[in-house]
Structure formats: C-alpha cells, structure tokens
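For reference, the structure is listed below as structure tokens.
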Amino acid sequence: MASVASPAGAAADTAAAGERGRWSSRAAFLLTAMGAAIGLGNIWRFPYLSYSYGGGAFFIPYLGALFLIGIPLLTTELALGQVYQGGHAVAFGMLSKRFIGLGYGSAWACFIVAAYYNVLLAYACLYFVASFQNPLPWAATAKTAQLCKTAGASAASCAALGTECMWADGECSQALIGKANAYLYETVLEQSDVSGGIGWLVPHIAVAALVVWVICYLSLFKGASLLGYVASTSVVLPFVLLGALIITGLSLPGMEMGVHQYIGRWDLSILSSRPQIWSDATAQIFFSVGAVWGYITAYASYNKKGQNVAQDALIVSLSDSACAILAGLAAFSICGHLAYEAGIPLDELPTESRGLAFVSYPIGLAQIPGWGAQLFNVFFFAVLICLGVASSFSFVECPATVLLDTSWFGRVPRWLMVGILSVVGYGLSLVYSTDIGYHLIDASDWYVANVLALSLGLLESVAVGWAARIDVQEGHIGKKAPWVLMCGFVGSIAVATIVQCILLAILPGVTVLIGVCIWLGLLAVSMVASYLLIETKEMMGWKLKLWWLYLGNIETLRKELNHVVAPGKSRWRITPLWSLLIKFFCPLVTCVLVGVSCSENLNSYKGFPSGVQAMGMAMAFSGLALFFAAAIFPDRFGAKSLLKQHKQMHIEPSPPSLPPPVCKSPLALPTEPEPQSVADASLSSTEEQSGERSSLNSVSSPGSEGGNAQRPKASLEKSSAW
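Written out as structure tokens, the structure is:
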C-alpha cells in the first residue's frame, strides 16, 4: 500500500539528507501502532490470562492498570519520542544520558520477545497449512464418534480408547477438546517431559520459524511495502475476525456458561487470594498498549512534533484493549460450549491455559457446518499470522533502531543490521523449537513480562517522574531537598517490598501490614527532612515550597511537552493528572507488583526444573543489567556521541534565554511573553563537553499552560549527580 510510509524505510531514505522520515499521514501511524500492539498479545495472551483467573474478576486489575499505568506511560513515550525525534534510547537519554539504559533494556526485552513470539507464529503457520485438510485434524469426525459410542460400553473401556473419547453422563462420547489437545501437544509441539531437558529439535517448527523470520526481515528491509499493507488491515481484520468468532461462539449450545463466567461471575476473593493477578494484569496492559517496549517511542519519533499526543494515546490504548476484551468473549463462549459437551464445569475444562488460542478457537470454528469450517479456520490463522508479523516487526524494529542510532553501528547499513538481528534471533528461536520449547516459551514469557517489563515500567516512571528536570527544582529550592525526597519515596517502597518478600514465608498473616508500616515510616521521615532542607534565594511561601518540592520537576516537564505537542487551544493537553500518576502512583504500584511477582514465582514458576527457571531469569535480568550498566557508564554505551549527533541532526538552535518569572503563588504565576522561536530541545555547551543532562529549552511557569518562559542558562547546567 503505497500511501502508508514505513518509518523504518523513511528513516533510511532520509538519513543521508540529515532529515527524519515521516509517516505519510496520522492514520498511517495510528494503524501501525494499533496493529503492532493487537497481534498475539491480545488474541493469544489476554484470553488465557482471563481464563486462568476465572473470567470476570480479571477485568478489575486489567482496567485499573489500563487507565492508571498503561495510558500514562504510553503518553510519556509518545510525547518524548515525538518531541525529541528519536527512539527509546535517544528520547530518555535527552532527559539525562544516564537514562539511555532504558533504551537498551527495552531493546533487549523486545529481542527476546521476538525470538519466542516468532515461534508462536510458526505454530499459527502450521495450523494455517493444516486448515486446508478435510476433515480438520483437530475436529470431531463421525467415524471417531461412532467408535466411541460402540466400543466404550464402560468407563474403563472408554478410557482405553484414548484422549479422543470421554465418559460422561453414563455414556462414551467423542471428546472434542481431547482431540484438539492431542493435535497441539503431540502432533505440532511433539512435547516431552520438561524434566528431561532438551531432547530434540522439532523440524517442522524450525522450518516454520525460519519462514516467519524471513518474512520479518524482508518486511523491515523493504520498509513500506509489506508493513503498509499490514497497517491498513491491522484494525479492520481483527474486529472482522473477532466478530466471526463471537457470532460462531454465541450460536453454539452451552455458550451461556462461558459468557456468564466471563462477564456475569465476579469472584472478587481471587483479588486477595491470588495477588499475582495484579502483576499479570499490568504486564498484559504493557503488551496490550505497547508501553515500555520502546517501539511506540520509535514510531512516535516519525510524527510531526505538533501531533496530538494525548488523543493518540487514548485511541491506541482503548482500541487495543477493546480488541483484547472481544477476544476474551470469543474464547469464553467457545469454552462454554466445550464444557457443555464434556458435561463438566467450565473451570474443570481439561485444557492448559496458554494453549487456549490453539485449542478453543479452532474447535469453535470447526463447528461451522460444511466447507465453512475450513474457510473460517484458514481465515482465522491467516489473520493471526498477519497481526503477529505486524507485532514481530515492531519487536525487531526496536533493537534495530537503538543500535543504528549509536556511534558503534551508525555506519552499518540497515539491511545488514536487520539481517544480523534476524539470524541471531532465529538461532535463539531454535531453542524454543525443541520438544520442551513450549515450556521454555511459557517461562520466558512470564519472566520477561512480569519481572523485566514491570521493572522497566518502574524505572521509566522514576526517571520521568523524579529525576527528569530535577535541575529546575534545584534552582528554586536547592539541591538537597529534591534528592532527599526522591530517595526517601523510591527507597522506602523498595525497602518495604524487599522486607515483605523476605517475611512472606515466615509471617504470612502480617507481612502486608509490616511492609506498609515500613513504607509510611521511611516516607514520613524523608518528607519532613526534605522540607527542612529547602534552600531558597527568594521569598517563598510554604505552599510554593511544597509545590516545587513535590511537583516542580514533573510539572515543568509536562508544560514543556505541552508547548510542543499541544500548541494552541484546540489540542488535547497532557493534564496534571498525568504528573501525579507518573510521579507517585506508577512507581509505587509497579515496585509492589515486581515484589509480588518475585515472591510468588521467582525460581519456582509452575514448578519447572531449575534449568528452565534459569533461562527465564537470565532473559529478564540481562535486560536489567544492561540498564544499570548504561546508567553507571553511559559514555561506554555511546551516550555522549549519540546525543551530540542527534542534537546536530534534529534539534533547532536555541533562542535567547528569558529571565525566570517571579513566583508568588503555586497556582497563579505571571506569564512571560512567548519567544519568537522555541527549540524543542538542546544541549548546553557544558553538556556537549561532558555528555551530561540535556533538556528542552522551553520552560513554562507552573500554573500557566499558555505562557512559556524560557529556562535560564543556569538551569541547563548539569546537576550535582546527573
């Protein structure tokens, strides 16, 4: 589709000219962003999580995480990528070079997800080919039904016929789900006991994975050709597909059992009895909306700087979440039918939750009479492959963009970089293409999503909410107070979470109370100490002191971003609620959720052997190690040259600085005249030499959205620690 330009291809085409590629339209960006997030994350991952937690109750943490964590973080990444015109590493590195590690950590996470994600797509390819068979290999047949009916005179004789027959209500009948499970685990996966370690490479999975990686490479190498097509279908096809699945599922007998479980039964006790539901829901939100992975930042960097960020964040997040919820409705209606046929309650359905998409959907579509069964199965897996490949593009695009932005690989041709990543990624995919590969995917997916992704969300919110623009706070209330409050807030959460995890096995009844008391105690001490350490050179009331102490840095950043992404009065602005959520709510909740995940399942997830656990943990903690290594040694990771080169290519010259306004009230400050030209970002001369903090030059007064005063040059000097 020629009208949709790939940012990847556009970037390569315009790099020589020193210009940045652009999407051909806003719709092209929205379609690609939505298609990247929909993929298997919503059609495969959301239904099995919802099924695992009994249906309706999962909506509470899921929707809470969507509005309180997912949308604020998505807004952050869209705004930073759009304003700084760079990928994840550049966008956060421009706030401070020590945040460049967020780009490397996210790139690593994306690369690992791409490795096992493409194996899941290989399963879909195998199912797609098998869908042309008549009868479908996972569907019920008249021959098997007759065999079960005549040969299974008793429960024992019925069981002797294998998984394709089941004994229920005093008779032996064909087991729909048994046959589908057998096809998945025995024919497709060739699954063996995980305790025996890796036994053999499954050849048909390895070949299918190779096909997926070749498609991924050709699409990224060609740029707009295939990505534009996928983007044009990424919104329409999922809803057409899900509509067909829902209509099919709701027409099957017994579907009301599944629908009731999904939206009519709310077992709220599970929210406290299984606290892992909160971590899983938040991790799923990151998959659903695309936050923390870095590809949304990269896509936003190819937007025009004045595009409506707040509106885009809502469109992408709500559409992707709607797709996930509809996928859950389709899955549960079909599962209700399967439970009805088996004569058992839905929660006793004999299917492993992660295989739900490859069991319930195909069975449901196989119930369509005549040639419709083959047609709809072919259509389903074709769309699943298209959407999955669209997501796979994004997961490979992120590390490619991060590496090509560095001085190390800046001269490497794009086709070669994508080729290297594809070859290495396929090599890792071969590990997941073995007889225990599905167990390895299970473990890697949990550790990457529930440990690495949640940790990246925590670090991202701390970086933006507490450390960004801390130099502005230092200019008004001194250096000590902001740092004491930041260390007290973040440190108290971390200490309380660690203590709670340690005491969980010893004092399970009062662990939460102890953790809350530790957090509140340390926080209270830091709040009092930080206020007493405020140093001002001007008369400032206690209200204004508190405003600068608690909100000065994040509100400064918000107004700077609004000045660029929401010019004029007609655009949706990033609101102060974003500041409160990013600074106070997101760090608190994500830190607690990381603690919950680690205390519940670290090194014990599903009872997998130590080798499988070690592989999952290695995938997660390697990403965190990259972040901390880059934070400690940013110049070793090319921060200085990367930011300097990006500044020369994409940042406008700085306008003359204006004097700071005289602050009289935290709510109503005098408005300075707006300069004739406003730079989106710049580096001071000091920063060019040291590679330290870079920032936007345009600073608006707190409490004034329209008027934007320029930050004095002193505020661009590096702070004591950053």
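Going left to right, the sequence shown walks through residues 1 to 722 as the UniProt record's numbering numbers them. Each residue gets a CB set at the ideal place from its N, CA and C atoms; glycine is no exception. None of these values were measured; they are calculated from a predicted model.
{"Check": "Residues in its own chain within less than 6 Å of residue 590 by CB, not counting five upstream and five downstream?", "Outcome": "454, 457 and 458"}
{"Check": "With DSSP collapsed to three states, give me the class of residue 201.", "Outcome": "strand"}
{"Check": "Tell me whether residue 408 is buried or exposed, calling it buried when 16 or more other Cβ atoms sit within 10 Å of its Cβ.", "Outcome": "exposed"}
{"Check": "Using 8 Å as the threshold, is the region 529 to 543 in touch with the region 475 to 483, meaning 3 or more CB pairs across them?", "Outcome": "yes"}
{"Check": "Consider the C-beta atom of residue 380 and the heavy atoms of the ligand NAD; say whether any pair is separated by less than 7 Å.", "Outcome": "Although the ligand NAD was asked about, the structure shown includes no ligands whatsoever."}
{"Check": "Give me, in chain order, the residues of the same chain whose beta-carbon lies closer than 7 Å to that of residue 315; leave out the 5 immediate sequence neighbours on both sides.", "Outcome": "30"}
{"Check": "Given a cut-off of 8 Å on the beta-carbon distance, is the pair residue 217 and residue 419 in contact?", "Outcome": "yes"}
{"Check": "Could you give the distance in angstroms between the alpha-carbon of residue 374 and the alpha-carbon of residue 51?", "Outcome": "26 Å"}
{"Check": "Look up residue 434 in the DSSP assignment and say whether it is helix, strand or coil.", "Outcome": "strand"}
{"Check": "Can you name the start and end residues of the alpha helix (DSSP H) that residue 406 belongs to?", "Outcome": "No alpha helix (DSSP H) holds residue 406; DSSP gives it neither H nor E."}
{"Check": "Give me the residue from 265, 628, 193 and 42 with the minimum Cα distance to residue 437.", "Outcome": "193"}
{"Check": "Based on Cα-Cα distance, which residue from 330, 495 and 279 lies nearest to residue 42?", "Outcome": "330"}
{"Check": "Considering just the uninterrupted stretch of the alpha helix (DSSP H) at residue 32, what are its terminal residues?", "Outcome": "26 to 40"}
{"Check": "So, under 8 Å CB-CB, residue 396 and residue 114 are touching, yes? Tell me the CB distance rounded to an integer number of Å.", "Outcome": "5 Å"}
{"Check": "CA-CA distance, residue 549 and residue 482?", "Outcome": "6 Å"}
{"Check": "So, at 7 Å on beta carbons, what are the nonlocal neighbours of residue 406 in its own chain, with the 5 sequence-adjacent residues on each side left out?", "Outcome": "638 and 642"}
{"Check": "Quick check: the Cα distance between residue 426 and residue 86, rounded to an integer number of angstroms?", "Outcome": "27 Å"}
{"Check": "Hey, residue 211 and residue 123: beta-carbon distance below 8 Å or not?", "Outcome": "no"}
{"Check": "So residue 181 is in the alpha helix (DSSP H); what residue range does that whole segment cover?", "Outcome": "176 to 182"}
{"Check": "If we require 4 or more residues per run, which alpha helix (DSSP H) segments fall completely within the region 562 to 597?", "Outcome": "576 to 580"}
{"Check": "Which partner residues of residue 216 appear in the DSSP bridge assignment?", "Outcome": "Per DSSP, none; premise fails for residue 216."}
{"Check": "Would you say residue 290 and residue 36 are within 8 Å of each other, going by their C-beta atoms?", "Outcome": "yes"}
{"Check": "Specify whether the region 291 to 310 and the region 58 to 68 touch according to this definition: at least 3 beta carbon pairs, one from each stretch, less than 8 Å apart.", "Outcome": "no"}
{"Check": "From what residue to what residue does the alpha helix (DSSP H) around residue 118 run?", "Outcome": "101 to 130"}
{"Check": "When you compare each of 139, 172 and 140 to residue 155 by their alpha carbons, which one comes out closest?", "Outcome": "172"}
{"Check": "What residue does the alpha helix (DSSP H) around residue 187 start on, and which one ends it?", "Outcome": "First-last for residue 187: undefined, no H or E at that position."}
{"Check": "Mind reading off the beta-carbon distance from residue 553 to residue 463? Whole number of angstroms is fine, and I expect it under 8 Å.", "Outcome": "Not a contact, Cβ separation roughly 11 Å."}
{"Check": "Within the continuous alpha helix (DSSP H) that includes residue 480, where are the two ends?", "Outcome": "480 to 503"}
{"Check": "Note the first and the last residue of the continuous alpha helix (DSSP H) segment covering residue 257.", "Outcome": "255 to 259"}
{"Check": "So the alpha helix (DSSP H) residue 65 belongs to, where does it begin and stop?", "Outcome": "59 to 65"}
{"Check": "Can you tell which of 126, 625 and 325 has its C-alpha closest to the C-alpha of residue 380?", "Outcome": "126"}
{"Check": "Do you know offhand how far residue 54's Cα is from residue 261's?", "Outcome": "7 Å"}
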